[in-house]
Amino acid sequence: MANRVYVVGVGMTKFEKPGRREDWDYPRMAREAGTSALEDAGLGYDAVQQAYVGYVYGESTSGQRAVYELGMTGIPVVNVNNNCATGSTALYLAAEAIRGGRADCVLALGFEKMKPGSLASTYDDREQPLGNHLQALAEISEVLFPPAPWMFGAAGREHMQKYGTTAEHFAKIGEKNHRHSANNPYAQFQDVYSLDDILASRMIYDPLTKLQCSPTSDGSGAVLLASESFVDVNGLAERAVEIVGQAMTTDFRSTFDGSAKNIVGYDMTRQAALRVYEEAGLGPADFQVVELHDCFSANELLTYEALGLCAEGEGGHLIDAGDTTYGGRWVVNPSGGLISKGHPLGATGLAQCAELTWQLRGDANARQVPDVRAALQHNIGLGGAAVVTAYQRA
Numbered sequence: 051m052a053n054r055v056y057v058v059g060v061g062m063t064k065f066e067k068p069g070r071r072e073d074w075d076y077p078r079m080a081r082e083a084g085t086s087a088l089e090d091a092g093l094g095y096d097a098v099q100q101a102y103v104g105y106v107y108g109e110s111t112s113g114q115r116a117v118y119e120l121g122m123t124g125i126p127v128v129n130v131n132n133n134c135a136t137g138s139t140a141l142y143l144a145a146e147a148i149r150g151g152r153a154d155c156v157l158a159l160g161f162e163k164m165k166p167g168s169l170a171s172t173y174d175d176r177e178q179p180l181g182n183h184l185q186a187l188a189e190i191s192e193v194l195f196p197p198a199p200w201m202f203g204a205a206g207r208e209h210m211q212k213y214g215t216t217a218e219h220f221a222k223i224g225e226k227n228h229r230h231s232a233n234n235p236y237a238q239f240q241d242v243y244s245l246d247d248i249l250a251s252r253m254i255y256d257p258l259t260k261l262q263c264s265p266t267s268d269g270s271g272a273v274l275l276a277s278e279s280f281v282d283v284n285g286l287a288e289r290a291v292e293i294v295g296q297a298m299t300t301d302f303r304s305t306f307d308g309s310a311k312n313i314v315g316y317d318m319t320r321q322a323a324l325r326v327y328e329e330a331g332l333g334p335a336d337f338q339v340v341e342l343h344d345c346f347s348a349n350e351l352l353t354y355e356a357l358g359l360c361a362e363g364e365g366g367h368l369i370d371a372g373d374t375t376y377g378g379r380w381v382v383n384p385s386g387g388l389i390s391k392g393h394p395l396g397a398t399g400l401a402q403c404a405e406l407t408w409q410l411r412g413d414a415n416a417r418q419v420p421d422v423r424a425a426l427q428h429n430i431g432l433g434g435a436a437v438v439t440a441y442q443r444a
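The sequence shown begins at 51 in our numbering and counts up one residue at a time.
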């Protein structure tokens, strides 16, 4: 039987526009987030037995250089890169080490130091990992560069054509997430915009305007995980949060079935969510708060359906009913999500975990969702990976 896994400490930096903070290189980011997580748990770095460190843009062994800011104890340090799901992949691997009995206290750390502007490939002398995805999408959609807004925008258009979803539905998601981030001191943006502001901002790929797209960001997040015996021995139960279900999937053959939504990860998410619900013994209605991967507003709507918050094709109805914000059935992305909190790729999944841990502890201040008993996390990376995690109060 697998060991139970608990979140005992979380920390993150404020997410920033690339280059905004002078002399803020990734070791400093990692020190800030990692120290906060250790202090949150009331532990020293010498308690950590393994570390999984995620980043997308950086040299080999940057993970070691990052954790050396916290201590140099000779523990295994594993570098993790899984596109935009890098942070949650580090979390998954750290949890697996505890589930399998290989360690009792593990650090998952993620960071990113990014360049301004749209994401671009680093190596142009070899096959691109998304080559098959782009080719499949080009067969059903006009081609636009940069690829990311095209891919998710095409999936949004497909939903509009099939189910009658409107540009206003997607814009309402942008309005909601910017409004939520106004209460998040860690968010890159804390400005509130009207629905008209969202619709009138610069068009990136119809129907996605600039205020519905996640920015490039610098920042770091850190999570300390522990086994049940470690929690008991160290008196950590009062503030511990249990991971009651977790699954990671990669692309299925259905990714290339001629559907834009599957090219951008819908089926990966759906299959991971089903596994989590079975493991946790929970369903969508049992969660009060959700942090999901809204790299673009279109993906948030698609993810409502992939996670089973509503039936396929009914994401627009969920938005119109106000069911994804305060006072609704769920509060989705109380942090502001990727759209407004920011998206430093290696840190995103760990920042989501931090937000949900604060929500479950009742420590989210102005963002606090009432009576949170269970929380759901979703993070994807194209090419591909999806990680879904369910949490409950310990």
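Heads up, the beta-carbon is just placed ideally off N, CA and C, and yes, glycines get one too. Only a predicted model underlies this, so the values are computations on that prediction, with no experimental measurement involved.
- Which residues share a DSSP beta bridge with residue 424? By 1-based counting over the sequence shown, the position of residue 424 is 374. Paired residues: 442.
- Are residue 352 and residue 359 closer than 8 Å when you measure CB to CB? Locating residue 352 in the sequence shown gives position 302, where the first residue counts as 1. Locating residue 359 in the sequence shown gives position 309, where the first residue counts as 1. No; because the gap between Cβ atoms is not below 8 Å, this pair is not in contact.
- Rank 434, 80, 123 and 325 by C-alpha distance to the C-alpha of residue 103 and give the top, closest one. Position 53 of the sequence shown, counted from the start, is the residue given in the question as residue 103. Cα-wise, what sits closest to residue 103 is 80.
- For residue 270, which three-state DSSP category applies? The sequence position of residue 270 within the sequence shown is 220, counting from 1. For residue 270, the three-state secondary structure derived from DSSP is strand.
- Other residues of its chain near residue 134: CB distance less than 6 Å, five sequence neighbours each side excluded: Taking the sequence shown and counting its residues from 1, one reaches residue 134 at position 84. Hits under 6 Å: 395 and 431.
- Message: Since residue 137 and residue 399 should fall inside the 8 Å C-beta cutoff, what is the C-beta to C-beta distance between them, to a whole number of angstroms?
- Response: Locating residue 137 in the sequence shown gives position 87, counting from the first residue. Locating residue 399 in the sequence shown gives position 349, counting from the first residue. That belief holds up - the Cβ atoms of residue 137 and residue 399 are roughly 3 Å apart, short of 8 Å.
- Among 113, 295 and 341, which one has its Cα closest to the Cα of residue 327? Locating residue 327 in the sequence shown gives position 277, where the first residue counts as 1. When only C-alpha atoms are compared, the closest one is 295.
- Task: Specify the secondary structure class of residue 139 as computed by DSSP and reduced to three states.
- Result: Here residue 139 is taken as the residue at index 89 of the sequence shown, counted from 1. In this structure, DSSP gives residue 139 a helical state, which the three-state scheme calls helix.
- Query: Terminal residues of the continuous beta strand (DSSP E) containing residue 103?
  - Reply: Within the sequence shown, the letter at position 53 stands for residue 103. Boundaries of the beta strand (DSSP E) harbouring residue 103: 100-104, taken from the DSSP string.
- Query: At which residues does the alpha helix (DSSP H) containing residue 220 begin and terminate?
  - Reply: Counting from one through the sequence shown, the residue named residue 220 turns up at place 170. DSSP places residue 220 inside the alpha helix (DSSP H), whose first and last residues are 217-231.
- Query: Which word fits residue 190, buried or exposed, when buried means at least 16 other C-beta atoms lie within 10 angstroms of its C-beta?
  - Reply: As a position in the sequence shown, residue 190 is number 140, starting the count at 1. Exposed is the call here.
- Query: How many Å lie between residue 283 and residue 158 at the Cα?
  - Reply: The sequence position of residue 283 within the sequence shown is 233, counting from 1. The sequence position of residue 158 within the sequence shown is 108, counting from 1. Per the coordinates, the alpha-carbon of residue 283 lies some 21 Å from the alpha-carbon of residue 158.
- Alpha carbon of residue 228 to alpha carbon of residue 386, nearest angstrom: Here the question's residue 228 lines up with position 178 in the sequence shown. Here the question's residue 386 lines up with position 336 in the sequence shown. The alpha-carbon atoms of residue 228 and residue 386 are separated by roughly 6 Å.
- Start-to-end residues for the beta strand (DSSP E) that takes in residue 293: Numbered from its first residue, the sequence shown carries residue 293 at position 243. Residue 293 -> beta strand (DSSP E) spans 291-299.
- Near residue 118, which residues of its chain fall below 8 Å by C-beta distance, leaving aside the five closest residues on each side in sequence? Mapped onto the sequence shown, residue 118 falls at position 68. Cβ contact annotation for residue 118 (same chain, cutoff 8 Å, sequence separation greater than five): 77, in chain order.
- Going by the beta-carbon positions, is the gap between residue 436 and residue 259 smaller than 8 Å? Stepping through the sequence shown from its first residue, residue 436 is reached at position 386. Stepping through the sequence shown from its first residue, residue 259 is reached at position 209. The answer is no: Cβ separation not under 8 Å.
- Message: Measuring straight from C-alpha to C-alpha, what distance separates residue 266 and residue 234?
- Response: Translated into positions along the sequence shown, residue 266 becomes position 216. Translated into positions along the sequence shown, residue 234 becomes position 184. Their Cα atoms are separated by approximately 18 Å.
- Query: Given a threshold of 16 other Cβ atoms within 10 Å of its Cβ, counted over all protein chains shown, does residue 72 qualify as buried or as exposed?
  - Reply: Walking along the sequence shown from the start, residue 72 turns up at place 22. Classification for residue 72: exposed.
- Message: In this structure, how does DSSP classify residue 313 when only helix, strand and coil are distinguished?
- Response: The sequence position of residue 313 within the sequence shown is 263, counting from 1. Looking at residue 313 - three-state DSSP - the assignment turns out to be helix.
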